[in-house]
Amino acid sequence: MGFTVSLALSVLAVGLSGAALLFATGMLDTERPVSADFASQARSYLLENPEVLVESFRLLEERQLAAETNELQAVIAERRDEIFNDPAAPVVGNPQGAVTLVEFFDYNCPYCRNATPILADAAEANDELRIVYKEFPILGPGSEFAARAALASQRQGKYEPFHEAMMAYSGSIDESSTLEIAAQVGLDIEQLKQDMQDPPIEEAIGRNLALAQALRITGTPTFIVGDEIIRGLVDAATLERIIANARMPGEG
Numbered sequence: 001m002g003f004t005v006s007l008a009l010s011v012l013a014v015g016l017s018g019a020a021l022l023f024a025t026g027m028l029d030t031e032r033p034v035s036a037d038f039a040s041q042a043r044s045y046l047l048e049n050p051e052v053l054v055e056s057f058r059l060l061e062e063r064q065l066a067a068e069t070n071e072l073q074a075v076i077a078e079r080r081d082e083i084f085n086d087p088a089a090p091v092v093g094n095p096q097g098a099v100t101l102v103e104f105f106d107y108n109c110p111y112c113r114n115a116t117p118i119l120a121d122a123a124e125a126n127d128e129l130r131i132v133y134k135e136f137p138i139l140g141p142g143s144e145f146a147a148r149a150a151l152a153s154q155r156q157g158k159y160e161p162f163h164e165a166m167m168a169y170s171g172s173i174d175e176s177s178t179l180e181i182a183a184q185v186g187l188d189i190e191q192l193k194q195d196m197q198d199p200p201i202e203e204a205i206g207r208n209l210a211l212a213q214a215l216r217i218t219g220t221p222t223f224i225v226g227d228e229i230i231r232g233l234v235d236a237a238t239l240e241r242i243i244a245n246a247r248m249p250g251e252g
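As numbered in full-length UniProt numbering, residues 1 to 252 make up the sequence shown, in order.
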């Protein structure tokens, strides 16, 4: 809290009046004119009572977060079919499950690798769970090559074993390691390379990138369940709570 107070006082010192802060947090009626004396008194009061200033910043942050949440929920509602039902997106678990979990991931993301067994356990424990994978290659050319290979592997019916093997790999994912893993799970490499060049593969990745931008997703893993966006790795207990909440009427 000391840092927050210092920061807040610094802001005031460079010219932000106490009254302006109160305007920002909605604590004053902005339609009423404010005299210079009142502004000076407000500033003096806040300097003498910095805990009020801290509370004002906290309130402002809460309101900004609530506004952002509402905006993102509106995007989810508007693009729900694209998020949950893109025919190009791989689906594991129960394809007809009542609860859908969407994961944006990158094969070079260590946290995504850590999330893989957690998702697998959740799917095993919840026979109504449907998992949709969104290839989101943001960590370099190796990730992009891997994403195209993964989507192409669907055409040989081997997406799930390929995905699991990729996530179990401990080294850097690049073209060489991707093709090595593909061969290990029984993919026809020449067919895979050919399928990777098909325009729909690139288009699917492009849709994922555009969707992530609309949802302000900048890191991996990121999950979507219902109208909730969960950013970063979650533990098994947290994931189970999210799934349980999604089973409630009006969710999922």
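Even glycine gets a Cβ: it sits at the ideal position worked out from N, Cα and C. No experiment lies behind these values; they were computed from the predicted model shown.
By the 10 Å Cβ neighbour count, where 16 or more other Cβ atoms means buried, how is G93 classified, buried or exposed?
Numbered from 1 along the sequence shown, position 93 holds the residue referred to as residue 93. Buried: at least 16 other Cβ atoms inside 10 Å.
Among the residues of its own chain, which have a CB less than 8 Å from the CB of A183, if the five just before and after it don't count?
In the sequence shown, residue 183 corresponds to position 183, counting from 1. Around A183: I189.
Only counting runs of 3 or more residues, tell me where the beta strand (DSSP E) segments fall wholly within the region 160–239, in order along the chain.
The DSSP assignment places complete beta strand (DSSP E) segments of no fewer than 3 residues inside the region 160–239 at 222–225, 228–231, in order along the chain.
Mapping the DSSP letters down to three states, classify I76 as helix, strand or coil.
The residue you call residue 76 lines up with position 76 of the sequence shown. The DSSP-derived three-state label of I76 is helix.
Roughly how many angstroms separate the alpha carbons of N126 and N108, rounded to a whole number?
Taking the sequence shown and counting its residues from 1, the one referred to as residue 126 is at position 126. Taking the sequence shown and counting its residues from 1, the one referred to as residue 108 is at position 108. For N126 and N108, the distance between alpha carbons rounds to 27 Å.
Rounded Cβ spacing between A89 and Y159 (contact assumed at less than 8 Å):
As a position in the sequence shown, residue 89 is number 89, starting the count at 1. As a position in the sequence shown, residue 159 is number 159, starting the count at 1. Contact doesn't hold; Cβ gap of about 10 Å is too wide.
Less than 6 Å between C-beta atoms, sequence neighbours within five positions excluded: which residues of the same chain meet that for A214?
Numbered from its first residue, the sequence shown carries residue 214 at position 214. Excluding residues within five positions, the ones whose Cβ falls inside 6 Å are V75.
Could you round the C-beta distance between I118 and A236 to whole angstroms and report it? I think they count as a contact, below 8 Å.
Reading the sequence shown from its first residue, position 118 is the one you call residue 118. Reading the sequence shown from its first residue, position 236 is the one you call residue 236. Between the beta-carbon of I118 and that of A236 there is about 5 Å, and that keeps the pair under the 8 Å contact cut.
Given that a residue counts as buried once 16 or more other Cβ atoms are within 10 Å of its Cβ, and exposed if not, what is E103?
Against the sequence shown, residue 103 aligns to sequence position 103. With 16 or more other Cβ atoms within 10 Å, it is buried.
Below 7 Å CB to CB, which residues in the same chain sit around S143 once its five sequence neighbours on both sides are set aside?
Position 143 of the sequence shown holds residue 143. If you ignore the 5 residues before and after S143, its C-beta comes within less than 7 Å of the C-beta of D106, Y107, N108, P137, I173, all in its own chain and listed in chain order.
Beta carbon of I205 nearer than 8 Å to that of A149
Taking the sequence shown and counting its residues from 1, the one referred to as residue 205 is at position 205. Taking the sequence shown and counting its residues from 1, the one referred to as residue 149 is at position 149. In this structure, A149 does not lie closer than 8 Å to I205 by Cβ.
Going by other Cβ atoms of all chains shown within 10 Å of its Cβ, with 16 needed for buried, is M248 buried or exposed?
Numbered from its first residue, the sequence shown carries residue 248 at position 248. The residue is exposed, with fewer than 16 neighbouring Cβ atoms inside 10 Å.
Taking buried to mean at least 16 other C-beta atoms within 10 Å of its own C-beta, is E78 buried or exposed?
By one-based count along the sequence shown, residue 78 stands at place 78. So E78 ends up on the exposed side.
Using the Cα positions of S56 and E48, report the straight-line distance between them to the nearest angstrom.
Residue mapping note: residue 56 aligns to position 56 of the sequence shown, counting from 1. Residue mapping note: residue 48 aligns to position 48 of the sequence shown, counting from 1. Looking at the backbone, the Cα of S56 and that of E48 are separated by about 14 Å.
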